[in-house]
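Taken in order, these protein sequences are the chains called A and B.
Read left to right, the first sequence gives residues 38 to 388 (our numbering).
Read left to right, the second sequence gives residues 38 to 388 (our numbering).
A virtual CB, placed ideally from N, CA and C, is assigned to each residue, including glycine.
Take a look at the structure below.
Protein chains: 2
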Amino acid sequence: MDARTRKRLHDSLFMKACRREPTPRPPLWLMRQAGRYLPEYRKLRSEVDFLQMCKRPELAAEVTLMPVRRFSLDAAIIFADILLVAEPLGVGLNFTKGEGPVIYRPVRGTAEIEALESVDVAESLGFVFEAVRVTRAALAPDLPLIGFCGAPFTVASYLVQGCGSKHYERTKLLMYEAPAAWHKLMEKLVRISIDYLNGQIEAGVQAVQIFDSWVGALSPADYRKYVLEHSRTLISSIKSGVPVIHFGTGTAGLLELLREAGGDVIGVDWRIDLGQAWSRLGDGVGIQGNLDPVVLLGGAEEIRRQTHSILKAVNNRPGHIFNLGHGILLQTPVESVAALVDAVHEHAGHV
Amino acid sequence: MDARTRKRLHDSLFMKACRREPTPRPPLWLMRQAGRYLPEYRKLRSEVDFLQMCKRPELAAEVTLMPVRRFSLDAAIIFADILLVAEPLGVGLNFTKGEGPVIYRPVRGTAEIEALESVDVAESLGFVFEAVRVTRAALAPDLPLIGFCGAPFTVASYLVQGCGSKHYERTKLLMYEAPAAWHKLMEKLVRISIDYLNGQIEAGVQAVQIFDSWVGALSPADYRKYVLEHSRTLISSIKSGVPVIHFGTGTAGLLELLREAGGDVIGVDWRIDLGQAWSRLGDGVGIQGNLDPVVLLGGAEEIRRQTHSILKAVNNRPGHIFNLGHGILLQTPVESVAALVDAVHEHAGHV
């Protein structure tokens, strides 16, 4: 990458917000912006298996570009999945139609944790690095590309439960009853994730997001005892100078602990007031969020009202990245995303 | 009720904690303490339909008494269901085995809200009042009996969705797109709930709990706009002098607003530190909670550790009612409840 391109990326709205520098308006991107709500995505998905879409770099790049071709978004995020790491671990992974990911051989105890394959990230997940290179080359030179991974807790909870869960009983019981095995599993995931994120950075992403999507299931005491140190090790091992967004849902009771674990920007869902969240987080950290994805199922007027209400609460405090509180819902009309983009851009004019 | 019995109830641990008077240890009861984890409950349930168990006062009383016969709990809660109100509203209600409640004719718009039957509470829910009378007569005279209802939002969300929901899309869209109809529905539910709770009080309960179990799905802004005033009307219409416990899950971002809506005691789940929650709630209100129900699936040692950790965080501040953060899980071993009771009692000795 030449110096001029590097400077343009560095000066982009998104990168400035990550560094908490003032911007004329907050940058905007959407979790799962390259997803099933897009007709062009559904078309491709009907022809190609989900895992193949991730594994073929030219397809992953194509999907990554879909939303930024349609909408004036301020960052792209590489198309991949937080569970890609499950496959090289040897637990069996499948994405069933409509039911989400399934792990065929869930990890339930010490023996299964010991038996996990050791993972050479470059070898087994190198296709993601290649997708990053292809995407970066095709992307507008001033548009930042975000890399990501699942946080160790969220990935571990899938490995243990085998699928999505309501109560996370098996995960919590593993923590309580076999803490040494639990910590071993977390350490293993952290080691892989460090290589995985730094590999994405080397391949060309400008920032990374760590998805601790299900961490909101934990009590603050359990988070501190079983998770915090592992997330902190991961975050502190990311190449210096690359912003880290630390995201979770249902974290209104965990914010201070997420902050303690690290991240330049803390991502929150809609179930907390952004002003309150930020004042609890304190200075020295940015915030990402936090429109309820359901609002995008309503009309343009409601989208505009709720978007402006969030922007008003933030009051141009530097370091805000506008996003949904969680992934965009598959039934979202594409016009709603356009309305959201307009509402964010329009507000800027009023400041 | 004679004056001596009234005095004994008034001086019970539970009632003192509701009034934030000092107690030698916090009182303890468990949400869904009369439920499927009890073998005697499962036996009865295998013979009688769930709705019939609620509707036959001698059975409801029998079930209410089951847990307090087994364990040294400090309050009983009348056996009923927050959705009993759905039947007289004319929307069709069934409790399917293993799948939870189902509403056959969900309420999706203005016309359906207008078409809801008007409810004479004494006539259509009088069986609950009778169950309270039978239970009160059979219960130890110093053991308080708790009445309850679903909060208007949580009941409305079931009526609109038709069953449990992940995203509450239909409920939120009704709010956004037909706010007048939404408020009409909420007002209707509040009117019924006022008569229903005051009727339970007249029949003999000493305190009431309002279950806003799913309110944590809302953003604070939506809660304020669409819910707060209705919960406030309900709570402020409860017979003076009767403590109200205002409970919800996933409310770490809503606490101040729940407090604003009212209640002598705020019930929280395990996803917030009890000390932090209470300091945000301020003086003048008690707190109920907040052990993670999954902990009861672990061994006695873990139960003891987590129970003591909560008690330590509260540090004998008057007004704490010990409870789980949500209903007891059906796979909970009865020995775990015994271990929890012991842990709470034992801690008292250490203070």
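Within 7 Å (strictly less), CB to CB, does residue i reach chain B?
i	result
V264/A	no
A113/A	no
E308/A	Checking the sequence shown, residue 308/A turns out to be Arg, not Glu. Chain B, which has a Cβ nearer than 7 Å to the Cβ of R308/A, makes this yes.
K256/A	What sits at residue 256/A in the sequence shown is Ser, not Lys. True, the Cβ-Cβ gap to chain B drops below 7 Å.
E206/A	yes
Y78/A	no
R57/A	no
A380/A	no
V388/A	Low confidence applies here, because V388/A scores a pLDDT of 47, under 50, leaving its location unreliable; read the following figure in that light. V388/A does not count as touching chain B.
With a CB to CB cut of under 6 Å and the five nearest residues on each side skipped, what residues in its chain are close to residue i?
i	result
A376/B	A337, I340
I238/B	K276, V279
Q325/A	I282, V302, G304, I358, N360
P64/A	L50, F51, A54, D111, I358
V374/A	F108
I need the boundaries of the alpha helix (DSSP H) containing residue i, first residue and last residue.
i	result
V272/B	Inspection of the sequence shows that residue 272/B is occupied by Ile rather than by Val. Where I272/B is concerned, the enclosing alpha helix (DSSP H) stretches over 265 to 273.
Q70/B	No alpha helix (DSSP H) holds Q70/B; DSSP gives it neither H nor E.
L102/A	94 to 107
I347/B	337 to 351
P143/A	Per DSSP, P143/A belongs to no alpha helix (DSSP H) and is neither H nor E.
Alpha carbon to alpha carbon, how far is residue i from residue j?
i	j	result
L307/B	L291/A	It should be noted that the sequence gives Trp, not Leu, for residue 307/B. So the alpha carbons of these two residues sit roughly 11 Å apart.
H384/B	V331/B	21 Å
T101/A	E77/A	12 Å
R106/A	A193/B	41 Å
P370/A	L81/A	18 Å
V252/A	S161/A	27 Å
R207/A	M223/A	15 Å
V169/A	I115/A	7 Å
P178/B	W315/A	50 Å
V388/A	T270/A	Confidence at V388/A is low in this model, with a pLDDT of 47, below 50, so its placement is unreliable and no value can be given for it.
D249/B	E154/A	45 Å
G163/A	A174/A	17 Å
S83/A	A350/A	41 Å
M103/B	G300/B	28 Å
S29/A	T288/B	Here chain A has residues from 38 to 388 only, and residue 29/A is not among them.
L196/B	I309/B	29 Å
R261/A	T286/B	21 Å
L366/B	P59/B	31 Å
T344/A	T344/B	42 Å
V227/A	V264/A	11 Å
H382/A	L348/A	11 Å
G200/B	A113/B	Here the sequence assigns Cys to residue 200/B, which means Gly is not the residue at that position. Going from the Cα of C200/B to the Cα of A113/B covers about 28 Å.
G241/B	D232/B	14 Å
Output needed for residue i: all residues of its chain with C-beta closer than 7 Å, excluding positions within five of it in sequence on either side, in chain order.
i	result
E167/A	P94
L130/A	L120, A123, E124, P138, I140
R317/A	L292, E293
A296/B	Sequence check: residue 296/B is Arg here, not Ala. Excluding positions up to five away in sequence, the list reads I303, L318, V322.
T147/A	A215, A218
R57/B	G323, P355, G356
S230/B	C186, P189, L271
Q198/A	P143, Y205, R207, T208
M68/A	N360, L361, H363, G364, I365
Does chain A have any CB closer than 7 Å to the CB of residue i?
i	result
V331/B	yes
G335/B	yes
L295/B	no
E124/B	no
K209/B	yes
G290/B	yes
E339/B	yes
Y213/B	yes
Ends of the beta strand (DSSP E) at residue i?
i	result
A447/A	Since the displayed chain A opens at 38 and closes at 388, residue 447/A lies outside it and no answer follows.
F284/B	281 to 285
N131/B	130 to 133
I358/A	357 to 361
G51/B	For the record, residue 51/B in the displayed sequence is Phe; it is not Gly. Per DSSP, F51/B belongs to no beta strand (DSSP E); it is in the alpha helix (DSSP H), 50 to 55.
V331/B	Here V331/B belongs to no beta strand (DSSP E), and DSSP marks it neither H nor E.
L255/B	Run containing L255/B: none; DSSP gives neither H nor E here.
Just to confirm, does residue i get its C-beta within under 6 Å of one of the non-hydrogen atoms of the ligand ATP?
i	result
I365/A	Questions concerning the ligand ATP fall outside what the structure shown contains, since it holds no ligand whatsoever.
Sorted by chain position, which residues of the same chain lie with C-beta nearer than 8 Å to residue i's C-beta, five sequence neighbours on each side aside?
i	result
Q368/B	Y74, L334
V245/B	I183, G184, F185, C186, L234, Q237, I238, I275, V279, P280, V281, I282
A97/B	M90, C91, I115, F116, A117, F164, V165, A168, V171, T172
Would the region 38 to 53 of chain B count as touching the region 353 to 364 of chain A if we require 3 or more Cβ pairs under 8 Å? Flag = no, the region 38 to 53 of chain B and the region 353 to 364 of chain A do not touch.
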